[in-house]
Amino acid sequence: MSLFQIMHNYNQLMVYLIWPFKKRFKMDNFPTSVNAAEHFAECKQLFVFTVLVFIVCLLLYFVFKKRRKKALLSLDKSAALILLLLPIVVFPFAVTNFDSFFVIFHHILFNNNDWLFDPNTDPIINVLTEGFFASCFAVAGIIYELYFAEKLLRR
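For the sequence shown, counting from 1, position 71 maps to 71 in the UniProt record's numbering; every step adds exactly one.
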């Protein structure tokens, strides 16, 4: 399969996960089992919830900024420091044993084992590998750390 086809299918997956009005999940070049489709539906709920929380927070930010009032949620230095250090406690475990971290993460967020894909019935798992998810966690962690470091240093 070409890189273009893989990216096309990945984009189909991401549109399904992020777009709340997209109800039907299908990738052109990757068959999907019932369990995998159910897992992606559960992931979609998490993605849509996250996007909604982001939109609400963004709206609140602009409302309070327009009124030139103090932020709705103001972090003092100690709170920003705690939020900055919290992931650093998890980081060594996640880096040294990402597989266990990934399993625990799934047990916290999902109440079934639909996330355990069989490469024979769900070949997308050959593209969305553990390394892919480790990279996603790393990027999210870096963004999180930079955000709270900026909050801490700005004060």
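By construction, the Cβ of each residue, glycine as well, lies at the ideal position given by its N, Cα and C atoms.
Tell whether a beta-carbon distance below 8 Å holds between Q12 and M1.
-> For the purposes of this step, residue 12 is identified with residue 12 of the sequence shown, where counting begins at 1. For the purposes of this step, residue 1 is identified with residue 1 of the sequence shown, where counting begins at 1. Result no, Cβ atoms of Q12 and M1 do not sit closer than 8 Å.
Would you say the segment 136-146 touches the segment 81-95, given that touching needs at least three Cβ pairs under 8 Å?
-> Counting Cβ pairs under 8 Å, three or more are found: they touch.
Would you mind reading off the limits of the alpha helix (DSSP H) that contains S33?
-> Position 33 of the sequence shown, counted from the first residue, corresponds to residue 33. The continuous stretches of alpha helix (DSSP H) do not include S33, and DSSP gives it neither H nor E.
If you count every other CB in all the chains shown that lies within 10 Å of the CB of Y61, and 16 or more means buried, which is it?
-> Walking along the sequence shown from the start, residue 61 turns up at place 61. So Y61 ends up on the exposed side.
N9 to I143, Cα distance in whole Å?
-> Indexing the sequence shown from 1 puts residue 9 at position 9. Indexing the sequence shown from 1 puts residue 143 at position 143. Approximately 26 Å, taken between the alpha carbons.
Alpha-carbon spacing of F4 relative to N29, whole angstroms | Working through the sequence shown from its first residue, we reach residue 4 at position 4. Working through the sequence shown from its first residue, we reach residue 29 at position 29. In a straight line, the C-alpha of F4 is about 11 Å away from that of N29.
Continuous alpha helix (DSSP H) stretch holding I125: start and end | By 1-based counting over the sequence shown, the position of residue 125 is 125. Premise fails: I125 is in no alpha helix (DSSP H) and is neither H nor E.
If we count the other Cβ atoms within 10 Å of its Cβ and call it buried at 16 or more, is H107 buried or exposed?
-> Translated into positions along the sequence shown, residue 107 becomes position 107. When all chains shown are included, H107 counts as exposed.
Are I18 and V51 close, meaning C-beta to C-beta below 8 Å?
-> Taking the sequence shown and counting its residues from 1, one reaches residue 18 at position 18. Taking the sequence shown and counting its residues from 1, one reaches residue 51 at position 51. In this structure, the beta-carbon distance from I18 to V51 falls below 8 Å.
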